[in-house]
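Notes follow the structure.
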Amino acid sequence: MNTGLNSALRISASGLTAERFRLDVISSNIANANTMKVNGKDPYRRRDVALVGDENGVQIQSVVMDNRPFRQVEDRSNPNADPNTGMVTYSNVEPIEEMVNMIGASRAYEANIAAFESAKGMIKDALTIGRA
Numbered sequence: 014m015n016t017g018l019n020s021a022l023r024i025s026a027s028g029l030t031a032e033r034f035r036l037d038v039i040s041s042n043i044a045n046a047n048t049m050k051v052n053g054k055d056p057y058r059r060r061d062v063a064l065v066g067d068e069n070g071v072q073i074q075s076v077v078m079d080n081r082p083f084r085q086v087e088d089r090s091n092p093n094a095d096p097n098t099g100m101v102t103y104s105n106v107e108p109i110e111e112m113v114n115m116i117g118a119s120r121a122y123e124a125n126i127a128a129f130e131s132a133k134g135m136i137k138d139a140l141t142i143g144r145a
């Protein structure tokens, strides 16, 4: 089998793994979008995935914390509100931004599936030609 096609399969598979991990992190962000500061403990901080690519595919470099400030909402009736200001501190996750990121990651995942299937088809065709 052509090593170029094997390489294409390996690269596509690494892309699938990376985008799946990215989707998991985005899902966690969305699930924690409405967490708030409780008992002095900061709310959930948004996370992002840093990917790095080379000739062997895509690797997950790290998961980085988003340093943007937490969202502040005035709600004096909330038991978790600051007693002095009446402000409640919520996660810095923006659900709309996460949905956009999820669409992008899903499309990248689909593109990797298409590339994988294409390479698999070429390998199959090459084997058929080799038998003829």
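For the sequence shown, my numbering gives the first residue as 14, with consecutive numbering after it.
No residue lacks a Cβ here, since even glycine has one placed at the ideal position from N, Cα and C.
Just so it is clear, the structure is predicted and the values come from calculations on it, not from any experiment.
I'd like to know whether the C-beta atoms of residue i and residue j end up nearer to each other than 9 Å.
i, j, result
"F129", "L64", "no"
"A118", "L36", "yes"
"P71", "D61", "Here the sequence assigns Val to residue 71, which means Pro is not the residue at that position. Not in contact: V71 and D61 (Cβ atoms no closer than 9 Å)."
"N169", "V106", "Nothing about residue 169 can be read from this structure; the chain reaches only from 14 to 145."
Give the single residue among the options whose Cα lies nearest to the Cα of residue i.
i, options, result
"A46", "I142, G134 and P108", "P108"
"N114", "R23, M49 and F34", "F34"
"Q85", "T48, T141, E123 and N42", "T48"
"R89", "S20, P56 and G99", "G99"
Pull the bridge partners of residue i from the DSSP assignment, please.
i, result
"E87", "M100"
"L140", "Partner(s): none; L140 has no beta bridge."
Is residue i helix, strand or coil by DSSP?
i, result
"R33", "helix"
"G9", "This structure leaves residue 9 out entirely; the chain is present only between 14 and 145."
"M14", "Low local confidence applies: a pLDDT of 45 at M14 is under 50, so the model's placement there is unreliable, and no value is given."
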